[in-house]
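Asks: Protein chains in written order, with my numbering: chain A, 56 to 338; chain B, 17 to 304.
After the structure tokens below, expect a handful of questions from me.
Okay, structure coming up:
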């Protein structure tokens, strides 16, 4: 089962919940955590894990062979992402924009385009006890996170045992990177905070879940700040609130040092137990 | 034209709350652009009255004409995005609009349709300035392009009203919307927080900002949460030549103003209010 931890708004506690839930469960059974927030991966900061491997991750982009090119200009015409420009007698390729749709390479009449791999990021796998941790980080300047996310999910699924719980820390927002993660998940936890910004972004996230027809529930973090509007909204929309994690300055301080929080907070352990019980996460 | 872009790398550092405060302080002297189009929240505290709405079209989606389709399956074989089901339905959210299927369909049954994926608005806010903001459809691709449009509209409004400063609430992360937010900017203001994650993301997003050779300044929020990390951030700022604007203390009720639909600077006589006013003053001096 893939359990995604997502949120519309950034900074609501997605990474806190992912790392604490995964570590807490790992005290009892095998579990894998994958950080798919590839633009700003932070889960690793909270986990005292031992690295097993690191590898470069690639995407395929077209490469131009001048000798075979008849300068017909078809590739430029086909490419909807403007990554191919024919300038005079030269074909220029802008790899950051390429979606690897294969059209130019497959259809080039002169076979002047073939694929080459370019590095788009780096994946690492590490472990501590029962916990396996997979992380990918996107190269700075790279625009297409989706392919790296999708490759990381594939890697994680292949590596984990068939019946193992996989928790994934999703990217924030409601755009294509998070859609990619949600699409491959079985259940989604939306983490929010009880503030007007939190509620506004939660509504967008809920809309996303409903469009993708994905089962989901809500966890409220920093419970105690703001107001009750998030709870009222969830009730009205029949959305299950799995847990409420109290706002606590002491936890914010521990978080700032990169510490896991559940060992220091009874409230958090109780709330994690609620999530584990309601979603039947233990075998 | 001077463009000030506020970014954070990490979410939840207080970026939007601080930008909204700047918007209040800049009042009618500035035009405000909400380029955090994925999670647009500026309107919640700026109470905009929409003057003009425009649909936002970007990219294409494939559409199969059932009458022409012979169900040969060539489209399914070529699609790299798994967007065509065995029943020949197109999944709009998976289709990236590359048009490969349309190109190879032997009966020309597939047409590419332009996709309306959101709207953008030109509004007048309660702060006596213009706010350009957007509502993006779910799962939309190409948010960078929408950011570019919002910024372009902001520039047009500024020119038409003889204003020379644009304040931009930028996007989180380091990907395409951030690159688009930073394009054409004069000053980037990074709002970070005193935590290992905040510092980590600050460094990554500054690597991006550096490519634009921008002047940069920084506000450290919740500076008293972890004095050790705050010191590390301060050293980093000095080493990189980033102007350090202010350290804001951790405040559990940062959200109280938000609940009232106000900005932090409208809570008079608080330490935050004064520090943010000072920061805005410094920003104005830097961009002149």
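Just so you know, even glycine gets a beta-carbon here, dropped at the ideal spot from N, CA and C.
#1: Can you tell me whether residue 132/B is helix, strand or coil according to DSSP?
#2: Using the three-state DSSP reduction, which class does residue 111/A fall into: helix, strand or coil?
#3: If you count every other CB in all the chains shown that lies within 10 Å of the CB of residue 79/A, and 16 or more means buried, which is it?
#4: Secondary structure at residue 147/A, three-state DSSP: helix, strand or coil?
#5: Just to confirm, is the Cβ distance from residue 203/B to residue 23/B under 7 angstroms?
#6: Exposed or buried, what is residue 102/B when buried is set at 16 or more other beta-carbons lying within 10 Å of its beta-carbon?
#7: Run through DSSP, which three-state label would residue 290/B get?
#8: Residue 115/B to residue 107/B, Cα distance in whole Å?
#9: For residue 275/A, which option in 186/A, 99/A, 265/A, 288/A has the closest C-alpha, if you only look at C-alpha atoms?
#10: Could you tell me which of 170/A, 203/A, 208/A sits nearest to residue 188/A, measuring between CA atoms?
#11: With distances taken Cα to Cα, identify the nearest neighbour of residue 89/B among 72/B, 290/B, 118/B.
#12: Quick one, which residues of the region 21-50 of chain B are near chain A if we go by CB-CB under 7 angstroms, in chain order?
#13: Mind reading off the beta-carbon distance from residue 84/A to residue 185/A? Whole number of angstroms is fine, and I expect it under 8 angstroms.
#14: If you run the structure through DSSP and keep just helix, strand and coil, what is residue 234/A?
#15: The alpha helix (DSSP H) with residue 176/A in it runs from where to where?
#16: Less than 7 angstroms between CB atoms is the rule here; does residue 271/A satisfy it with respect to chain B?
#17: Tell me residue 140/B's beta-bridge partners as DSSP assigns them.
#18: Among 97/A, 123/A, 335/A, which has the Cα closest to the Cα of residue 220/A?
#19: Name the one or two DSSP bridge partners that residue 237/B has.
#20: From which residue to which residue does the alpha helix (DSSP H) around residue 340/A run?
#21: Along the chain, where does the alpha helix (DSSP H) that runs through residue 222/A open and close?
#22: Taking just the CA atoms, how far does residue 282/A sit from residue 312/A?
#23: Quick one, which residues of the region 296-322 of chain A are near chain B if we go by CB-CB under 7 angstroms, in chain order?
#24: Return yes when the Cβ of residue 182/B is within less than 7 angstroms of the Cβ of residue 174/B, no when it is not.
#25: Listing by chain order, which chain B residues have their CB less than 9 angstroms from the CB of residue 182/A?
#26: Check each candidate in 294/A, 248/A, 230/A, 277/A and name the one with the smallest Cα separation from residue 263/A.
#27: So with Cβ pairs under 7 angstroms, would you call residue 274/B a contact of chain A?
#28: Kindly list, in the order they appear in chain C, the residues whose Cβ is closer than 8 angstroms to that of residue 282/B.
#29: The beta strand (DSSP E) with residue 43/B in it runs from where to where?
#30: Distance cutoff 7 angstroms, beta carbons only. Does residue 57/A sit that close to anything in chain B?
#31: For the beta strand (DSSP E) that contains residue 185/B, what are its first and last residues?
#32: For the region 50-79 of chain B, which residues have a CB atom closer than 7 angstroms to at least one CB atom of chain A, in sequence order?
#33: Answer yes or no: do residue 39/B and residue 128/B have a C-beta to C-beta separation smaller than 7 angstroms?
#34: Consider the Cβ of residue 156/A: report whether some Cβ of chain B lies at a distance smaller than 7 angstroms.
#35: In this structure, how does DSSP classify residue 262/B when only helix, strand and coil are distinguished?
#36: Does the CB of residue 279/B have a neighbour CB from chain A at under 7 angstroms?
Replies: Looking at the coordinates:
#1: strand
#2: strand
#3: buried
#4: strand
#5: no
#6: exposed
#7: helix
#8: 14 angstroms
#9: 288/A
#10: 208/A
#11: 118/B
#12: 25, 26, 27, 28, 29, 32
#13: 6 angstroms
#14: helix
#15: Where residue 176/A is concerned, there is no enclosing alpha helix (DSSP H), although the beta strand (DSSP E) it sits in stretches over 168-183.
#16: no
#17: 65/B, 146/B
#18: 335/A
#19: 209/B
#20: Residue 340/A lies beyond the range of chain A shown here (56 to 338); nothing can be said about it.
#21: Run containing residue 222/A: none in the alpha helix (DSSP H); it sits in the beta strand (DSSP E), 220-224.
#22: 28 angstroms
#23: 302, 304, 307, 308, 310, 311, 312, 313
#24: yes
#25: Here the premise fails: no neighbours, minimum Cβ distance about 21 angstroms.
#26: 230/A
#27: yes
#28: Chain labels in this structure do not include chain C; the protein chains are A and B.
#29: Careful: residue 43/B lies outside any beta strand (DSSP E) and carries neither H nor E.
#30: no
#31: 181-185
#32: 54, 55, 57, 60, 76
#33: no
#34: yes
#35: strand
#36: no
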